[in-house]
Amino acid sequence: MTFPIAQNQPGPLPLKLPFNTPISGDVTIAFSGTCWSKFAGSICGVSVYLDGNKLGDVPLCFNNTSMHLALPTHVFSANMDFGQHTIMLAPLTDETNSDKNDFYSVWIVD
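This note's numbering applies: residue 1204 is where the sequence shown begins, and numbers increase by one.
Next comes the structure, spelled out in structure tokens:
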């Protein structure tokens, strides 16, 4: 079963994505998105949080400046109860930029 939390949600970061989960227990949360940097050679990306707890980071080295790049799709494991939860997507570094031309998707994959 796949449960979409956000599908092509436009930026900018940070984004708070509230949702109700129809399942409980161990789940896999998948993330994909884009961002950009003003500085060549920068490590940029997104930090993913569930209910204020960091699930992990999705980093990428940006060799080109001002070019929106796709971050690698990443999966995280989490334990969830039924009910209301919030995913937060935040810039990984100060060099991470996002705007209305960046898009983010998050799913529960069970």
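Using N, Cα and C, we set each Cβ at its ideal position, and we do this for glycine too. Remember, predicted model here, so these are calculated numbers, not experimental data.
For residue i, which residues of its own chain have a beta-carbon under 8 Å away from its beta-carbon, when the five flanking residues on both sides are left out?
i	result
Ala-1243	Phe-1265, Asn-1266, Asn-1267 and Thr-1268
Lys-1303	Pro-1213, Gly-1214 and Pro-1215
Lys-1241	Thr-1268, Ser-1269, Glu-1298 and Asn-1300
Could you check which residue in the options has the C-alpha nearest to that of residue i?
i	options	result
Asn-1211	Gly-1236, Glu-1298 and Ile-1290	Gly-1236
Lys-1219	Ile-1290, Val-1309 and Tyr-1307	Ile-1290
Phe-1234	Cys-1247, Asn-1304 and Ala-1273	Ala-1273
Pro-1294	Val-1312, Val-1278, Gln-1287 and Cys-1247	Cys-1247
Thr-1231	Gly-1214, Leu-1253 and Pro-1217	Leu-1253
Around the Cβ of residue i, are there at least 16 other Cβ atoms within 10 angstroms (buried) or fewer (exposed)?
i	result
Met-1270	exposed
Thr-1299	buried
Ser-1301	buried
Gly-1214	buried
Asp-1305	buried
With a CB to CB cut of under 6 Å and the five nearest residues on each side skipped, what residues in its chain are close to residue i?
i	result
Pro-1275	none
Asn-1282	Asp-1229
His-1277	Phe-1234 and Val-1261
Gln-1287	Asn-1223
Can you give the beta carbon distance from residue i to residue j, rounded, assuming they're within the 8 Å contact cut?
i	j	result
Phe-1285	Ser-1245	So it is not a contact: roughly 40 Å between Cβ atoms.
Thr-1205	Trp-1310	5 Å
Leu-1258	Val-1249	Not really, about 11 Å apart at Cβ, beyond 8 Å.
Leu-1292	Pro-1217	6 Å
So if DSSP puts residue i in a beta bridge, which residue, or which two residues, is it bridged to?
i	result
Ala-1243	Ala-1243 is not bridged to any residue.
Ser-1280	Thr-1231
Lys-1303	Its beta-bridge partners do not exist; DSSP assigns none.
Thr-1289	Pro-1221
Among residues of its own chain, excluding the 5 on either side of residue i, which ones have a beta-carbon nearer than 7 Å to its beta-carbon?
i	result
Ser-1280	Asp-1229 and Thr-1231
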